Amino acid sequence: MNMTHYMGLLAANQPWNLLIFMAVPVICAEILAISEIAILFTRKINGALKMLNKVTGVFAGFYFTGIFIYLMKTAYIPLTVNGEWKGWIDVVAVTFYMLGIIPFLGMALLDLGLIYRNKTDEEKLKIHAILVSIFLVVAHIAMIFGMIDPSLGSNNAGGHEMMNM
């Protein structure tokens with residue numbers, strides 16, 4: 015079956031690419047989402063849960079920044095310059111994965127007090143929750159489009175092999 019570059023990246027170098035590019039960011043997002051919900055319900059902006067949320071947000075922001083820089087240099091720019099995209103589905107999958115930098119880095123900067131310094135704790139909690147939500151949306155769009163046969167969205171007639179069931 016024809017794969018997007020997103021799925022090709024995750025399938026290559028097993029299990030390392032899957033762990034590096036999928037498992038670590040998704041586990042961070044899950045920790046952030048679950049702890050964020052608990053913090054929003056309890057309104058406990060101090061304590062172990064908030065610390066876990068903050069440490070995870072900072073770690074995820076810097077970790078994903080490293081992934082973003084690496085993939086920009088080794089994949090996104092070369093695919094664009096060399097015209098090697100497998101159609102619009104491929105572009106959507108990889109682009110939405112890369113867009114995860116915005117909410118993850120935003121959370122890290124917020125948690126480090128580098129942005130929105132003048133906001134109240136409740137306003138910062140709201141912004142943090144919005145950033146977590148944005149990451150979940152872009153990551154899921156990347157995953158969904160990443161699993162589609164990219165030839166369905168291109169003029170390329172190849173890639174329509176039947177899967178053995």
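According to the numbering used here, the stretch in the sequence shown is residues 15 to 179, in order. Where is the CB? At the ideal position from N, CA and C, for every residue including glycine. Values in this document were obtained by computation on a predicted structure and should not be read as measured data.
If you draw a straight line from the alpha carbon of histidine 174 to that of aspartate 163, how long is it in whole angstroms?
Along the sequence shown, one-based indexing puts residue 174 at 160. Along the sequence shown, one-based indexing puts residue 163 at 149. In this prediction, histidine 174 has a pLDDT of 42, which is less than 50 and means its spatial position is unreliable; what the coordinates show is noted afterwards. C-alpha separation (whole angstroms): 8 Å.
So, using beta-carbon positions, are methionine 15 and glycine 160 closer together than 8 Å?
In the sequence shown, residue 15 corresponds to position 1, counting from 1. In the sequence shown, residue 160 corresponds to position 146, counting from 1. No, the pair does not count as a contact, with Cβ atoms beyond the cut-off.
Is there contact here, the region 32-42 with the region 124-144, by at least three beta-carbon pairs under 8 Å?
no
In angstroms with no decimal places, state the Cα-to-Cα distance between glycine 80 and leucine 24.
Here residue 80 refers to the residue found at position 66 of the sequence shown. Here residue 24 refers to the residue found at position 10 of the sequence shown. Cα-Cα distance, rounded: 17 Å.
Any alpha helix (DSSP H) of 4 or more consecutive residues that is wholly inside the region 39-94
62-85
Note down, in chain order, each residue of its chain lying with its Cβ closer than 8 Å to the Cβ of alanine 143, except the 5 sequence neighbours on either side.
Here residue 143 refers to the residue found at position 129 of the sequence shown. Glu50 and Leu54, listed in sequence order.
What are the boundary residues of the alpha helix (DSSP H) that includes isoleucine 115?
Residue mapping note: residue 115 aligns to position 101 of the sequence shown, counting from 1. Segment 115-125, the alpha helix (DSSP H) holding isoleucine 115.
Chain-order list of residues whose beta-carbon lies under 7 Å from that of asparagine 67 (same chain, five-residue window excluded)
The sequence position of residue 67 within the sequence shown is 53, counting from 1. So the list reads Leu46, Ser49, Glu50 and Ile53, once near-sequence residues are dropped.
Using the rule of at least 16 other Cβ atoms within 10 Å of the residue's Cβ for burial, across every protein chain shown, is serine 147 buried or exposed?
Looking up residue 147 in the sequence shown gives position 133. Counting Cβ neighbours within 10 Å, serine 147 comes out exposed, since fewer than 16 surround it.
Collapsed DSSP secondary structure at asparagine 178 in the structure displayed:
Your numbering for residue 178 matches position 164 in the sequence shown. Low confidence applies to asparagine 178: its pLDDT is 36, below 50, so where it sits in the model is not reliable, and the reading given next is rough at best. Coil, per DSSP.
Between the CA atoms of methionine 121 and glycine 172 - distance to the nearest angstrom:
Looking up residue 172 in the sequence shown gives position 158. Looking up residue 121 in the sequence shown gives position 107. Here the model assigns glycine 172 a pLDDT of 47, short of 50, so the residue's position is not dependable, and the following value carries that caveat. Between glycine 172 and methionine 121, the C-alpha separation is close to 41 Å.
Valine 151: which of Leu85, Lys100 and Ala43 sits nearest, CA to CA?
Locating residue 151 in the sequence shown gives position 137, where the first residue counts as 1. When only C-alpha atoms are compared, the closest one is Ala43.
Which of the three DSSP states, helix, strand or coil, is assigned to isoleucine 155?
Indexing the sequence shown from 1 puts residue 155 at position 141. Note: isoleucine 155 maps to helix in three-state DSSP.
Can you tell me where the alpha helix (DSSP H) with phenylalanine 110 in it begins and where it stops?
The sequence position of residue 110 within the sequence shown is 96, counting from 1. Unbroken alpha helix (DSSP H) run through phenylalanine 110: 102-112.
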